[in-house]
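Accompanying notes for the structure given below.
4 protein chains.
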Amino acid sequence: MSDQEAEVDEPAAGAVRRGRPRSEKARVAILEAGGKLLLADGLEPVSMDAIAERAAVSKATIYRWWPTKETLALDVLFHEWVGDELTVADLGSLRAELLALFMPWVERVSARPYGRVIGALIAKARSDSAFSEEYDRRLVQPRREQARPLFVRAIERGEIAADTDIDVALDLFYGALYHRLLQGHLALSDEFVVALVDMGLNGMMSRQDKAAA
Amino acid sequence: MSDQEAEVDEPAAGAVRRGRPRSEKARVAILEAGGKLLLADGLEPVSMDAIAERAAVSKATIYRWWPTKETLALDVLFHEWVGDELTVADLGSLRAELLALFMPWVERVSARPYGRVIGALIAKARSDSAFSEEYDRRLVQPRREQARPLFVRAIERGEIAADTDIDVALDLFYGALYHRLLQGHLALSDEFVVALVDMGLNGMMSRQDKAAA
Amino acid sequence: MSDQEAEVDEPAAGAVRRGRPRSEKARVAILEAGGKLLLADGLEPVSMDAIAERAAVSKATIYRWWPTKETLALDVLFHEWVGDELTVADLGSLRAELLALFMPWVERVSARPYGRVIGALIAKARSDSAFSEEYDRRLVQPRREQARPLFVRAIERGEIAADTDIDVALDLFYGALYHRLLQGHLALSDEFVVALVDMGLNGMMSRQDKAAA
Amino acid sequence: MSDQEAEVDEPAAGAVRRGRPRSEKARVAILEAGGKLLLADGLEPVSMDAIAERAAVSKATIYRWWPTKETLALDVLFHEWVGDELTVADLGSLRAELLALFMPWVERVSARPYGRVIGALIAKARSDSAFSEEYDRRLVQPRREQARPLFVRAIERGEIAADTDIDVALDLFYGALYHRLLQGHLALSDEFVVALVDMGLNGMMSRQDKAAA
DNA sequence: GTGTAATCGAGACGGTACGTCGAGTCTTGTG
DNA sequence: CACAAGACTCGACGTACCGTCTCGATTACAC
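Protein chains in written order, with numbering that gives the first Met the number 0: chain A, 0 to 212; chain B, 0 to 212; chain C, 0 to 212; chain D, 0 to 212.
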């Protein structure tokens, strides 16, 4: 994401910009009002009217730039998370790097009720394939591509097998993290992250069993 | 689930039931109309009016027995899955038992777009704590309690360490499965289940690395 | 109008009335709120939301029974004018009867700003032929049919020629009255009514001129 | 109307006109687009955006010169009727002159659905006193002042009584004409004009009755 | 020619009302 | 009592139009 705030399609740079330009003030006000309200109450309970009112903006202005509340929520998450998408430095071991990747994410995601919004986005994605594509492109894939290099480096180091299926590994870790985030049955704590990473890396089988296998 | 269809609170057995008894025909018609529509379109796009009309039932009759659309959806899933909640027999190895547990689940869950409905229920659960409790009790915990004995047996067999954190193990496996079910970024195939179980049991670390550790 | 309040189509009397009956309270509240607001501000400046709020009624309830604001206004006028549509007794002369017909009408119509609403209805009627038909049937024709017998009696008495074109006569009188009501260029006073009736009956030509003609 | 197209306030002739002058092309395009659309659909259904688009003109340009849609409509009618406001020559009899005045007016006004626009203007005038004043000054009074000399001449000729209330006479004739134009209950035909003029001039009372009176 | 000033097209903006839809409740008559 | 029918309240939806505004680009007259 070189241009993190490029949330909406820009026309070709060479084109002559005619008419009144888009109000940057309104754009930011909408994203911030959206962030405030969506995280406070969740996606479904928040109305576009409420966002418009809090942003001191016309409802039409929101709809001009975001076709649905879900699309807006996607951009709100981006607006909230600007600068988060950093790469993880080479720390010498996969374990250290995974912890360095997951710990801040857990911190971030637990700080405010993001699970509520992400859950709603997932629900929407399941019944709107166009939105599903956008959700995948903007939220899912960036996270996966951010983590993938760690496994590539681990293979190069010889830490993990060269034929490791990285997609399965990603689902194993992110699946568990999202599971606790979304289902809420158990806490998404730092201890859980450590236990998860260790179990994922070492497996749960006793040493001797594996040797026997 | 000994009494799988006990979806709604029954009055005490001793109480005298007065007046016209509940129409079993209506109950089934609602659950089947709900199943048809919810799986076809998802939870949010389907209206109670539509379900009532298709079930040839008054809307008030639905609300008499189910307080919200989500509660109804929960029962619809149960109605669809009657008999699914079997216990897994002792097959001699944790790997075999996990596959015996997950494979039919994947089959079932992939057959029709359940992810769509489950996603919506999760979203609802995140912003309605009463519903969250019910969702957890009826969908999440049964699944976990069904799987837990497998790990207990594996500990008894000495396959896995006695201090294995079973909750983490459950999240590792179910998390990954739900991840693919809900995010839809990659297929929830049989091959994935096998790869996931093997990676979870054995870990992704190379043998020699672990020995060195 | 035997049943003056039969503003909306009733189903056949023999049909079985099923479901919750229409709320008479809501019906009257809407008509009275409408009357209050429409006469205070005119048709166009009053919003359906405002009427709904003042009547303490849902907007949907209004739209269930009246497709447009204009249709509602039509009924509001009827509700206001219940009992107005009396027949004029035989007073022995056309002049007396016309004055007996027009004077109360002028009184009524000048008491509150009906011209404002009627003007809006006319405008609507000109660009909506379905509404035009209803406007004609409910407001225009009743007024004309109420006045027509006066001219028939006058012919029988020999006061006016047997071949008098009653429609032209009606337009002559009502046209002038509506003209002042709608254009507002001069007052719609009692004096005007008297002058108009006399001029319409006697003509403006001098006696001798007519004899010469 | 010596300066028929002086639709908008001109600055004092002596003032220095600086800056880009008003585009005559735009002015005419707006009036013609307005005429086309307003007569086709009526005032209320036509949006300023639509007029601007059809005139290939910016909406701001319209609002720079006409404060409201109604004011524009007023000018559109003038633009359509340039040259209509001629005086009626002395034809020797009031009857002949009235026919010479009304016949072309009926022709003109029936040719296209002007009633639709005029009705809307009247409605607007009833609830906006500033506009009412302008409507009266520009549409109502010119018509009346055009007709008034006919009656003055008729008095001089001795055709009608010297104390004839010309305003009542004007309302009698124009009222009836506008009535048919606006209510649309009966045709505004040439025959109607003749019948109306004759009835207005001679009255509807039989000769002998009047002699008896 | 070079300001200066008002115009223009384009189009985004805040605001208000629209007419519709769905959730969930309530009120009848019937079984 | 349960139920079908269907009217009801409430609140949000997404759209349309109004009248205003901010741009950059023109087009005249004054210097």
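Cβ atoms here follow ideal geometry from the backbone N, Cα and C, with glycine treated the same way.
Check your understanding: For TYR177 of chain C versus GLY183 of chain D, is the C-beta distance shorter than 8 Å?
Key -> no
Practice item. Rounded to whole angstroms, what's the CA-CA distance from ALA25 of chain D to ALA39 of chain D? Just pull it up for me. Key: If you take the alpha carbons of ALA25 of chain D and ALA39 of chain D, they lie about 21 Å apart.
Point to revise | MET204 of chain D in three-state terms, based on DSSP | key: Under the three-state reduction of DSSP, MET204 of chain D is assigned to strand.
Exercise for review: Please confirm if the stretch 131-150 of chain D is in contact with the stretch 58-66 of chain D, defined as three or more CB-CB distances below 8 Å between the two stretches.
Suggested key: no
Point to revise | Cutoff 8 Å: PHE130 of chain D Cβ touching any chain C Cβ | key: no
Practice item. Alpha carbon to alpha carbon, how far is PRO112 of chain D from LYS68 of chain D? Give it in angstroms, no decimals. Key: 18 Å
Practice item. List the residues of chain A whose Cβ lies closer than 8 Å to the Cβ of ASP89 of chain B, in chain order. Key: Correct list: empty, because the minimum Cβ distance to chain A is about 17 Å.
Point to revise | Distance between ALA72 of chain A and VAL87 of chain A (C-alpha atoms, nearest Å) | key: 27 Å
Exercise for review: Drop a sphere of 10 angstroms on the beta-carbon of GLY118 of chain C, count the other beta-carbons inside from all chains shown, and report buried for 16 or more, exposed for fewer.
Suggested key: buried
Practice item. Pull up the DSSP beta-bridge partners for ILE159 of chain A, would you. Key: B:MET204
Check your understanding: Nearest chain C C-beta to GLY202 of chain D closer than 8 Å, yes or no?
Key -> yes
Point to revise | Cβ neighbour criterion (16 or more within 10 Å) applied to VAL196 of chain C | key: buried
Exercise for review: Could you tell me which chain D residues have their CB closer than 7 Å to the CB of ALA194 of chain C, listed as they occur along the chain?
Suggested key: ASP164, VAL167
Review point. Under a Cβ-count criterion, where at least 16 other Cβ atoms within 10 Å of its own Cβ denotes burial, should MET204 of chain B be classed as buried or exposed?
Key: buried
Check your understanding: Between which two residues does the alpha helix (DSSP H) containing ARG53 of chain A stretch?
Key -> From DSSP, the alpha helix (DSSP H) with ARG53 of chain A extends over 47-54.
Exercise for review: Please name the residue in B:TRP65, B:ARG107, B:LEU98 whose C-alpha comes closest to that of PHE191 of chain B.
Suggested key: B:LEU98
Review point. What are the residues of the stretch 34-55 of chain A that lie near chain B, defined by any Cβ-Cβ distance shorter than 9 Å?
Key: ASP40, GLY41, LEU42, GLU43, PRO44
Point to revise | Integer Cβ distance of GLY126 of chain B from ARG115 of chain A, believed to fall under 8 Å | key: Here the sequence assigns Ser to residue 126 of chain B, which means Gly is not the residue at that position. The Cβ separation is near 5 Å, so the contact holds.
Point to revise | CB contact below 8 Å: GLU259 of chain B versus chain A | key: Residue 259 of chain B is absent from the structure shown; chain B starts at 0 and stops at 212.
Check your understanding: Is the Cβ of SER126 of chain B closer than 8 Å to any Cβ of chain A?
Key -> For SER126 of chain B, the answer is yes, since a Cβ of chain A falls inside 8 Å of its Cβ.
Check your understanding: Taking the alpha helix (DSSP H) that GLU96 of chain A falls in, what are its first and last residues?
Key -> 93-110
Practice item. Return yes when at least one heavy atom of the ligand SAH lies under 7 Å from the C-beta of ILE117 of chain C, else no. Key: As far as ligands go, the structure on display features none, and thus does not contain the ligand SAH.
Practice item. Use the C-beta contact count for ARG107 of chain A: other C-beta atoms within 10 angstroms, 16 or more gives buried, fewer gives exposed. Key: exposed
Exercise for review: Determine the chain C residues that contact HIS184 of chain D at a beta-carbon separation under 8 Å, and present them in chain order.
Suggested key: Ordered by position in chain C, the residues that pass the 8 Å Cβ test against HIS184 of chain D are ASP135, VAL139, GLN140, ARG143.
Review point. Can you find a C-beta in chain B that's less than 8 Å from the C-beta of ASP170 of chain A?
Key: yes
Practice item. Tell me where the alpha helix (DSSP H) around VAL75 of chain B begins and ends. Key: Note, VAL75 of chain B: alpha helix (DSSP H), 68-79.
Practice item. Kindly indicate if chain A contains any beta-carbon less than 8 Å away from that of MET198 of chain B. Key: yes
Check your understanding: Is there at least one Cβ from chain A nearer than 8 Å to ASP8 of chain B's Cβ?
Key -> The pLDDT assigned to ASP8 of chain B is 47, lower than 50, so where the model puts this residue is not dependable; a value taken from the coordinates is nonetheless given after this. False, the Cβ-Cβ gap to chain A never drops below 8 Å.
Review point. Are LEU37 of chain D and ALA49 of chain D closer than 8 Å when you measure CB to CB?
Key: Between LEU37 of chain D and ALA49 of chain D, the C-beta spacing is not below 8 Å.
Exercise for review: Under 6 Å Cβ to Cβ from LEU181 of chain A, same chain only, skipping five residues before and after it: list those, please.
Suggested key: GLY114, GLY118
Review point. What span of residues does the alpha helix (DSSP H) with ASP40 of chain B cover, start to end?
Key: Segment 23-40, the alpha helix (DSSP H) holding ASP40 of chain B.
Point to revise | Residues of the stretch 105-126 of chain C with Cβ closer than 9 Å to any Cβ of chain D, in chain order | key: PRO112, GLY114, ARG115, VAL116, ILE117, GLY118, ALA119, LEU120, ILE121, ALA122, LYS123, ALA124, ARG125, SER126
**Study point:** CB contact flag (ALA194 of chain B, ASP162 of chain A, <8 Å)
**Key:** no
Point to revise | Where ALA119 of chain B sits in the DSSP three-state scheme | key: helix
Point to revise | Terminal residues of the alpha helix (DSSP H) in which GLU133 of chain A lies | key: 128-134
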